[in-house]
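Data block below; observations after.
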Amino acid sequence: MTSTTLRHSIWILRGNPLTGVAATGVLLLILVAIFGPWIVPYDPIASNVQEALLPPSAAHIAGTDQLGRDVFSRLIVAARLDLAIAVSAVSISFVLGAVIGSFCGYAGGRLDRTVGRFVDVMMAFPLFVLAMAMVAALGNRVENIVIATAVINLPFYIRFARAEVNVRRNLGWVEAARACGESHISVVLRFLLPNILPAMAVQMSLNLGWAILNAAGLSFIGLGVKPPTPEWGIMVAEGARFISTGRWWLVAFPGLALMLAVLCFNLLGDGMRDILDPRMRT
Amino acid sequence: MTEPLLKIDNLHVSFSTRRGVVEAVRGVTLSVQEGEVLGLVGESGSGKSVTGFATTRLLDAAGRVTAGKILFRGQDVTKLSSDDLRHLRGAAMSMIFQNPRSALNPIRAVGQQIADAILTHKRMSKEAAHAEALELLRAVQIRDPERRMAAYPHELSGGMCQRVMIAIAISCNPALLIADEPTTGLDVTTQKVVMDLLAAIASARGMATILITHDLGLAARYCRRIVVMEQGRLVEEAAPRTLFNAPRHPYTKRLVAASPTASSRIEDLVPEEERGYVAIGDRPKPPPAPGTPPLLEVRKLAKRFDQGAAAVAEFSMTMAAGESVGLVGESGSGKSTTSRMICRLIDPSEGDIVFDGQSIGHVPARDFHRSPFRKDIQMVFQDPNESLNPRFTAFDCIAHPLMRLAGLRGGDALRQRVEECAQRVGLPADLLPRFPHQLSGGQKARVGIARAIACRPRLLVLDEPTAALDVSVQAVVLQLLDRLRREDDLALLFVSHDLNVVRMICGRTIVLRNGAIVEQGESRALFDNPKSDYTRELVAAIPNIEIETRRAAAAL
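Set out below in structure tokens:
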């Protein structure tokens, strides 16, 4: 199994080298998130007014901001926070959504209809506004950004898991599991859930990029992370004040970091979909 | 003799896959005369459909004609430009596909779809095309054609969809019609009606037809000449009678032997040396002592789903240990619902099920997994491709019931039991670590049966266990089931729409229609001498090699 999966992955990568690039990018991002604070050239918090607003140079490859902090160092250190918010938010919505959605898809009937309407109502809200309202109501803290992001993602996971389980629930092997003495609950948790995991993993990867954007968006409008903590959204927000005076690097580099991170996750998700699609396996 | 309409000369087709180039068709030579009906018969993977697709140049991107010629009226189809092809397809040759429901556009009314086909090839007004489409629907004998013009495919039954497909295919009076498994998936009675219609239309309009099918009986009934393919090669070509009475090629011999007929016995299906298991001498079964309670007694079982009418009503039956009972009926007759109620996977609305003297009908299905009878009643599911968990190896699949129901916790004892089960169903032990997608259809079917018999059940419910299998694989599986019945005194409830199979394997048969029992009795008597009109209709609809060849002989 593992060796065929590996061979299959290599075959897909050969046809779609972008997936390899994206995987490398994501790996790099994770490494930076873990080791960031030890590899940065400057202290990301310490201000140095003499060196404020310097354009990119050999000493400061992404320039410095209005307080003289090295933009590159701040970008690197910010990766951990942004990634942590996105990963924890997506994990929460993944776990809850997969379990709730699977049971709905398997049971059908009243449970399914009730949860389905609830999900519809949630999706009728402008999601970003809903997230804003939640952070405002719960308190302006990082944990609440995570909760808000998780909650607004939840409907997608519920729907996804529900649909994936729904198409499988009448297959022979599901009935066979029951004939082998499994209860309904263990059929869902031990048989159906593992089978929808690959598809859900694709959804997660596509969703991670979106969660990063969402977290950055909340910080951009002043919710959640507070200055001077380095975070891509805040950096864009702060840099925006200087863009009219031609200090483009304050916005461009954090924006670029955001874009690359999101792009990598999306491309990886697309590639994973190809790898995991059983129709591509012959 | 005149120049044939279609002449395929030494055709080779390859598909490039990631495991390299696969040759699907390796040197097929055949010809079709104007107005002739040719049967192209073979099992899955024989290249029969690929030959059909190559003829209309509808191969998918990975497939390529690597050698040979396809001459249609002297013109080489393999060298035509896509413009010429468009004129050819539909107008001069057209194709009828296997699954009519997926071959029709779901969001367009069927009348429009027929009119579209006409307008592609003829210059006429929309109104004229519409009128012609209506004419065609009349020609394919759809009831109430005016109303059906505006119907969408999902509003029509499978048989009606296939009639619409036929209407589209004949809309421009093609000279050649290629029908690729046109009735697979339809009920036998519908199959007969659709095939009769197709044959009548083809002969009335003088169209040559290539009937691609896996069903020898069907080919025998409707074709004058049959070509048998195996692994991309043409192995035999003959008139039906010669083919069935005196097959020359060993493959044809095997195929003819494996196709069940009204008089075939289960022992004759597969030659002894190819059965793939060791027969453990047959112990004659002593007759049950008088007064022994039946193993299974079903009393007035009924099932009603949410609001609708009853799916099953007043269903009663009894079964003794070691007995095999067939449950036949067309789709929608309630046979699957009944089998699942008996298997305690769904709850009956009314009635009772008594197993071994104890009522189990009132144990809710959701709690039945804890019942001591769970291991006694097991099920083999319809499509072997869908009945194995894709994340379980064959070993895991067979071990699952042993761990859950027989209390084995792994280790040597479990391994030994699993290997023993695999051996009983003729599954080589080296296939056990494989995942379902690495097994063939027949191997998957064996895993499914091994799983069901692992805990030594006393009643095995089989839901169309061979419907998705090739005849030669079906033959082996049927023999296996019959052997298990005799060895373990296992009762078999065999749900099927294939009457020839049921007649062979089941001592008794119950005919279901619209959820109610129409007729029941000893299989041979029931099929030879049906009492109800419905059973008579069912029996008449089965294409039967012997009767067909006799009929062909009479015609000549």
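Line by line, the protein sequences give chains A and B.
Numbered according to my numbering, the first sequence spans residues 322 to 603.
Numbered according to my numbering, the second sequence spans residues 7 to 562.
Glycine included, each C-beta is placed from N, C-alpha and C at the ideal position.
(1) Taking only three categories from DSSP, how would you classify B:Pro-290?
(2) Which residues in chain A have a C-beta closer than 7 Å to the C-beta of B:Ser-393? List them in chain order.
(3) Taking a contact to mean a Cβ-Cβ separation below 8 Å, would you say B:Leu-496 touches B:Leu-466 in this structure?
(4) Could you run through the segment 500-515 of chain A and flag, in chain order, every residue whose CB is less than 8 Å away from some CB of chain B?
(5) Let's test the definition: count the other Cβ atoms within 10 Å of the Cβ of A:Pro-338 and tell me whether it reaches 16, buried, or not, exposed.
(6) For B:His-93, is the classification buried or exposed, using 16 other Cβ atoms within 10 angstroms of its Cβ as the cut-off for buried?
(7) Would you mind working out which of B:Asp-488, B:Val-369, B:Ser-270, B:Ala-135 sits nearest B:Asn-506, comparing C-alpha positions?
(8) Going along chain A in order, which residues have a C-beta closer than 8 Å to the C-beta of B:Cys-167?
(9) If I measure Cβ to Cβ from B:Thr-62 and keep anything under 7 Å in the same chain, skipping five residues before and after, which residues do I get?
(10) Does DSSP put B:His-368 in a helix, a strand or coil?
(11) Would you verify that the beta carbon of B:Gln-388 is, or is not, closer than 8 Å to some beta carbon of chain A?
(12) Helix, strand or coil, according to DSSP, for B:Met-166 in the structure here?
(13) Looking only at its own chain, which residues have a Cβ that is under 6 Å from the Cβ of B:Thr-57, when we skip the five neighbours before and after it?
(14) Based on the DSSP secondary-structure assignment, which residues constitute the bridge partners of B:Leu-302?
(15) Tell me whether the beta-carbon of A:Val-347 lies closer than 8 Å to the beta-carbon of A:Phe-574.
(16) The beta strand (DSSP E) that contains B:Thr-219, what's its start and end?
(17) Run through DSSP, which three-state label would A:Leu-597 get?
(18) Report the three-state DSSP secondary structure of B:Lys-5 (helix, strand or coil).
(19) If I'm right that A:Met-453 touches A:Leu-396 with Cβ under 8 Å, what's the distance once you round it to whole angstroms?
(20) Going along the segment 371-388 of chain B in order, which residues come within less than 7 Å of chain A, judged by CB to CB distance?
(21) To which residues does DSSP link B:His-18 through a beta bridge?
(22) Exposed or buried, what is A:Met-580 when buried is set at 16 or more other beta-carbons lying within 10 Å of its beta-carbon?
(23) Which residue marks the beginning of the beta strand (DSSP E) containing B:Arg-239, and which one marks its end?
(24) Alpha carbon to alpha carbon, what distance is there between A:Asn-528 and A:Asn-461?
(25) Should B:Arg-462 go down as buried or exposed, given a rule of 16 or more other Cβ atoms within 10 Å for buried?
(26) For a test of the three-state rule: what should DSSP assign to A:Ile-331, helix, strand or coil?
(27) With 8 Å set as the bound, which would you pick, yes or no: does the beta-carbon of B:Val-19 sit closer than that to a beta-carbon of chain A?
(28) Would DSSP call B:Asp-469 helix, strand or coil?
(29) Could you give the distance in angstroms between the alpha-carbon of B:Thr-515 and the alpha-carbon of B:Leu-261?
(30) What in chain A is Cβ-close to B:Cys-349, meaning under 7 Å?
(31) Mind pulling the chain A residues with CB within less than 9 Å of B:Leu-411?
(32) I want to verify the contact list: residues of chain A whose CB lies under 8 Å from the CB of B:Pro-354, in sequence order.
(33) Express the C-alpha separation of A:Arg-511 and B:Ile-176 in angstroms, rounding to a whole number.
(34) Taking buried to mean at least 16 other C-beta atoms within 10 Å of its own C-beta, is B:Gln-526 buried or exposed?
(35) B:Asp-193: which of B:Ile-216, B:Met-166, B:Ile-207 sits nearest, CA to CA?
(36) State the start and end residues of the unbroken beta strand (DSSP E) segment that holds B:Leu-44.
With the given structure in hand:
(1) Stepping through the second sequence from its first residue, residue 290 of chain B is reached at position 284. Confidence at B:Pro-290 is low in this model, with a pLDDT of 47, below 50, so its placement is unreliable and the value that follows should be read with caution. The answer is coil: DSSP assigns B:Pro-290 none of H, G, I, E or B.
(2) In the second sequence, residue 393 of chain B corresponds to position 387, counting from 1. Correct list: Gly-493, Trp-494, Ala-497.
(3) One-based indexing of the second sequence puts residue 496 of chain B at position 490. One-based indexing of the second sequence puts residue 466 of chain B at position 460. A contact, by the Cβ cut-off of 8 Å.
(4) Close to chain B, meaning a Cβ-Cβ distance shorter than 8 Å, are the following residues of the segment 500-515 of chain A: Ala-500, Cys-501, Gly-502, Glu-503, Ser-504, His-505, Phe-512, Pro-515.
(5) Your numbering for residue 338 of chain A matches position 17 in the first sequence. Counting other Cβ atoms within 10 Å of its Cβ, A:Pro-338 stays below 16 and is therefore classed as exposed.
(6) Taking the first residue of the second sequence as position 1, residue 93 of chain B is located at position 87. Result: exposed.
(7) For the purposes of this step, residue 506 of chain B is taken as residue 500 along the second sequence, with counting starting at 1. Per the Cα distances, B:Ser-270.
(8) Numbered from 1 along the second sequence, position 161 holds the residue referred to as residue 167 of chain B. Here the premise fails: no neighbours, minimum Cβ distance about 22 Å.
(9) Taking the first residue of the second sequence as position 1, residue 62 of chain B is located at position 56. Setting aside the 5 residues that flank it on each side, B:Thr-62 is surrounded in the same chain by Arg-95, Met-99, Met-101, Ile-184, each with a C-beta closer than 7 Å to its C-beta; the list follows chain order.
(10) For the purposes of this step, residue 368 of chain B is identified with residue 362 of the second sequence, where counting begins at 1. Reduced to three states, the DSSP call for B:His-368 is coil.
(11) On the second sequence, residue 388 of chain B is found 382 positions in, with the first residue counted as 1. Closer than 8 Å: yes.
(12) What you label residue 166 of chain B is simply residue 160 of the second sequence in a count that begins at 1. Shown here, B:Met-166 sits in a helix according to DSSP, grouped into three states.
(13) The residue given as residue 57 of chain B occupies position 51 in the second sequence. Taking B:Thr-57 as the centre and dropping the five residues before and after it, the same chain places the C-beta of Val-31, Val-34 closer than 6 Å to its C-beta, in chain order.
(14) For the purposes of this step, residue 302 of chain B is taken as the residue at position 296 of the second sequence. Answer is B:Met-325, B:Phe-361.
(15) Residue mapping note: residue 347 of chain A aligns to position 26 of the first sequence, counting from 1. Residue mapping note: residue 574 of chain A aligns to position 253 of the first sequence, counting from 1. Not in contact: A:Val-347 and A:Phe-574 (Cβ atoms no closer than 8 Å).
(16) Walking along the second sequence from the start, residue 219 of chain B turns up at place 213. Looking at the DSSP string, the run of the beta strand (DSSP E) that includes B:Thr-219 is 214-219.
(17) Walking along the first sequence from the start, residue 597 of chain A turns up at place 276. For A:Leu-597, the secondary structure class from DSSP, reduced to helix, strand or coil, is helix.
(18) There is simply no residue 5 of chain B to check, as chain B begins at 7 and stops at 562 in what is shown.
(19) In the first sequence, the residue the question calls residue 453 of chain A occupies position 132. In the first sequence, the residue the question calls residue 396 of chain A occupies position 75. In this structure A:Met-453 is not in contact with A:Leu-396, their Cβ atoms being roughly 25 Å apart against a cut-off of 8 Å.
(20) Against chain A - using a Cβ distance shorter than 7 Å - the residues of the segment 371-388 of chain B are Arg-372, His-375, Arg-380, Gln-384, Met-385, Phe-387, Gln-388.
(21) Mapped onto the second sequence, residue 18 of chain B falls at position 12. According to DSSP, B:His-18 bridges with B:Arg-32, B:Ala-73.
(22) If you number the first sequence from 1, residue 580 of chain A lands on position 259. A:Met-580 comes out exposed.
(23) Residue numbering aside, residue 239 of chain B sits at position 233 when the second sequence is read from its first letter. If you look at B:Arg-239, you'll find it in the beta strand (DSSP E) that goes 239-244.
(24) Numbered from 1 along the first sequence, position 140 holds the residue referred to as residue 461 of chain A. Numbered from 1 along the first sequence, position 207 holds the residue referred to as residue 528 of chain A. Straight-line Cα distance between these residues: approximately 23 Å.
(25) Numbered from 1 along the second sequence, position 456 holds the residue referred to as residue 462 of chain B. Here B:Arg-462 is exposed: its Cβ has fewer than 16 other Cβ atoms, across all protein chains shown, within 10 Å.
(26) What you label residue 331 of chain A is simply residue 10 of the first sequence in a count that begins at 1. Reduced to three states, the DSSP call for A:Ile-331 is helix.
(27) Here residue 19 of chain B refers to the residue found at position 13 when the second sequence is read from its first residue. It does not: the Cβ of B:Val-19 has no partner Cβ on chain A nearer than 8 Å.
(28) As a working mapping, residue 469 of chain B is identified with position 463 in the second sequence. If DSSP states are grouped into helix, strand and coil, B:Asp-469 belongs with the strands.
(29) Here the question's residue 515 of chain B lines up with position 509 in the second sequence. Here the question's residue 261 of chain B lines up with position 255 in the second sequence. The C-alpha of B:Thr-515 lies about 26 Å from the C-alpha of B:Leu-261.
(30) Locating residue 349 of chain B in the second sequence gives position 343, where the first residue counts as 1. Within chain A, the residues near B:Cys-349 are Ala-500.
(31) The residue you call residue 411 of chain B lines up with position 405 of the second sequence. What B:Leu-411 touches in chain A: Cys-501, Gly-502.
(32) Taking the second sequence and counting its residues from 1, one reaches residue 354 of chain B at position 348. What B:Pro-354 touches in chain A: nothing, since even the nearest Cβ is about 16 Å away.
(33) Taking the second sequence and counting its residues from 1, the one referred to as residue 176 of chain B is at position 170. Taking the first sequence and counting its residues from 1, the one referred to as residue 511 of chain A is at position 190. Computed Cα separation, rounded: 52 Å.
(34) Indexing the second sequence from 1 puts residue 526 of chain B at position 520. The residue is buried, with at least 16 neighbouring Cβ atoms inside 10 Å.
(35) Counted from its first residue, the second sequence places residue 193 of chain B at position 187. Measuring C-alpha to C-alpha distances from B:Asp-193 to each of B:Ile-216, B:Met-166, B:Ile-207 identifies B:Met-166 as the nearest.
(36) Residue numbering aside, residue 44 of chain B sits at position 38 when the second sequence is read from its first letter. Taken as a continuous stretch (DSSP letters only), the beta strand (DSSP E) holding B:Leu-44 covers 43-47.
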